[in-house]
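Residues 1 to 312 (the working numbering) are what the sequence shown spells out, left to right. Even glycine gets a Cβ: it sits at the ideal position worked out from N, Cα and C. In what follows, a single structure is set out as structure tokens and then discussed.
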Amino acid sequence: MDEANHSVVSEFVFVGLSNSWEIQLLLFLFSSVFYVASLMGNLLIVLTVTFDPRLRTPMYFLLANLSIIDLMFCSSTVPRMLYDLFRKCKTISFWGCVVQMFFTHAVGGTEMVLLIAMALDRYVAICKPLHYLTIMSPQRCILFLVISWIIGLIHSVTQLVFVVDLPFCGPNEFDSFFCDLPRFIDLACIETYALEFMVTANSGLISVASFLILIISYVFILATVQKKSSGGVSKALSTLSAHVTVVVLFFGPLISFYVWPFPTSHLDKFFAIFDAVITPFLNPVIYTFRNKEMVVAMRRLFTEVVNYGKIS
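Put into structure tokens, the structure is as follows:
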């Protein structure tokens with residue numbers, strides 16, 4: 001069955017972002033700078049949390065894992081995009097396309113659930129500070145992380161299992177710079193209304209539901225704080241503002257892309273670039289520069305590395 005399905009179309013062609021050499025050069029420079037900054041910023045967070053014993057708390061454990069997920073998320077699409085920018089024929093094999101879709105949806109689904117775990121962590125820290133270390137124990141944090149990955153993998157596999165055996169007999173062009181399910185399904189040779197609905201319901205619903213859960217949780221936190229102490233609202237707002245910013249930046253493009261997934265437009269490409277390139281860069285910036293403890297810890301790590309180098 002697989003051989004019959006894939007005998008006609010064994011690879012796909014990306015239309016890309018632009019045919020203009022000047023725009024391609026600008027996109028290459030822009031994306032390269034943000035990608036390298038994302039790698040360095042998120043890796044710095046992981047190293048700082050790992051080697052600084054003062055940061056071995058539930059909040060920083062979850063933050064370090066968010067950085068790992070962001071590293072994986074941007075690396076699943078951006079290197080290929082940079083490689084293809086100046087290629088005349090931007091091709092990807094059938095199974096290469098499937099693997100890319102698997103990783104983007106698995107990692108994206110994992111990040112959605114992890115953001116909910118981080119919102120729960122902030123709720124406990126703000127509303128139940130005396131019980132924080134008991135409720136957010138190391139075992140429970142690891143459980144949250146495992147559940148996040150399980151849900152992310154299930155989210156990805158349940159979609160791919162229905163589309164991987166679709167027949168493709170041409171055309172084989174993706175009007176994009178990466179493989180994603182809506183366009184993949186649209187290239188099939190059979191009617192795919194049921195599969196299109198399944199993808200919209202799966203990816204769109206999990207995005208909207210996760211976004212609403214997060215926003216409602218933040219509103220609930222503020223309402224709880226206001227009841228206990230009106231003066232604590234400003235402190236809670238300061239703490240939650242970084243989380244809200246990350247949530248809006250991450251879910252905004254996803255919801256726009258999957259609520260109306262099948263019509264191709266320049267706006268879809270813009271949202272895809274934003275989610276793949278800019279959001280993983282903004283996460284470490286937002287969480288780091290607004291967190292004095294993290295900044296101090298990074299300075300300590302830098303000083304230790306410099307001193308170690310001098311001794312060596």
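Could you give the first and the last residue of the continuous alpha helix (DSSP H) run that contains residue i?
i: S67; result: 58 to 75
i: V13; result: Careful: V13 lies outside any alpha helix (DSSP H), inside the beta strand (DSSP E) at 11 to 14.
i: S156; result: 138 to 163
i: P53; result: It is not in any alpha helix (DSSP H) - P53 carries neither H nor E in the DSSP assignment.
i: P280; result: 279 to 289
i: F168; result: No alpha helix (DSSP H) holds F168; DSSP gives it neither H nor E.
i: L133; result: 132 to 135
i: F184; result: 181 to 186
CA-CA distance, residue i and residue j?
i: I328; j: I92; result: Since the first residue of the chain shown is 1 and the last is 312, residue 328 is not available in this structure.
i: V13; j: C189; result: 17 Å
i: L237; j: L130; result: 20 Å
i: L71; j: F51; result: 19 Å
i: R299; j: E111; result: 28 Å
i: V15; j: R87; result: 11 Å
i: S156; j: V163; result: 11 Å
i: L17; j: L29; result: 14 Å
i: G204; j: S148; result: 18 Å
i: L187; j: F271; result: 21 Å
i: D180; j: N307; result: 47 Å
i: D121; j: K128; result: 10 Å
i: G252; j: P280; result: 14 Å
i: C97; j: T104; result: 11 Å
i: R80; j: P182; result: 19 Å
i: F174; j: L153; result: 24 Å
i: W21; j: C141; result: 48 Å
i: L47; j: E304; result: 13 Å
i: H62; j: I126; result: Reading off the sequence, residue 62 comes out as Leu, not His. Answer to the nearest angstrom: the Cα atoms are 16 Å apart.
i: F144; j: R56; result: 16 Å
i: F211; j: T158; result: 21 Å
i: F102; j: S217; result: 29 Å
In chain order, what residues of the same chain lie with their CB nearer than 7 Å to the CB of residue i, ignoring the 5 residues before and after it?
i: A276; result: C74, T77, V78
i: Y258; result: T200, S203, G204, S207
i: I278; result: F34
i: R290; result: A242
By Cβ distance below 8 Å, which residues in the same chain neighbour residue i in space, the five residues on each side in sequence not counted?
i: L26; result: none
i: F220; result: Y123
i: L267; result: S256
i: R54; result: E293, A297
Which same chain residues end up closer than 6 Å to residue i when comparing Cβ atoms and leaving out the 5 residues on each side of it in sequence?
i: L254; result: S207
i: M313; result: Beyond the ends of the chain as shown, which are 1 and 312, falls residue 313; an answer cannot be given.
i: N42; result: S67, D70, L71, P284
i: A106; result: G152, L153, S156
i: S10; result: F94
contact_flag[the stretch 185 to 202, the stretch 133 to 151] where n(CB pairs < 8 Å) is 3 or more: With a cut-off of 8 Å, the stretch 133 to 151 and the stretch 185 to 202 do not count as touching, because too few Cβ pairs lie within range.
Three or more C-beta pairs below 8 Å linking the stretch 282 to 289 and the stretch 242 to 254: Taking 8 Å as the limit for Cβ pairs, the verdict is that the stretch 242 to 254 does touch the stretch 282 to 289.
Alpha helix (DSSP H) segments (min. 4 residues) lying fully within the stretch 76 to 125: Taking only runs of at least 4 residues, the alpha helix (DSSP H) segments lying wholly in the stretch 76 to 125 are 78 to 84.
Stretch pair the stretch 101 to 116 + the stretch 30 to 44: three plus CB contacts closer than 8 Å: Output reads no: the stretch 30 to 44 does not touch the stretch 101 to 116.
Ranges of the alpha helix (DSSP H) found wholly within the stretch 191 to 221, counting only runs of at least 4: You should have 193 to 199.
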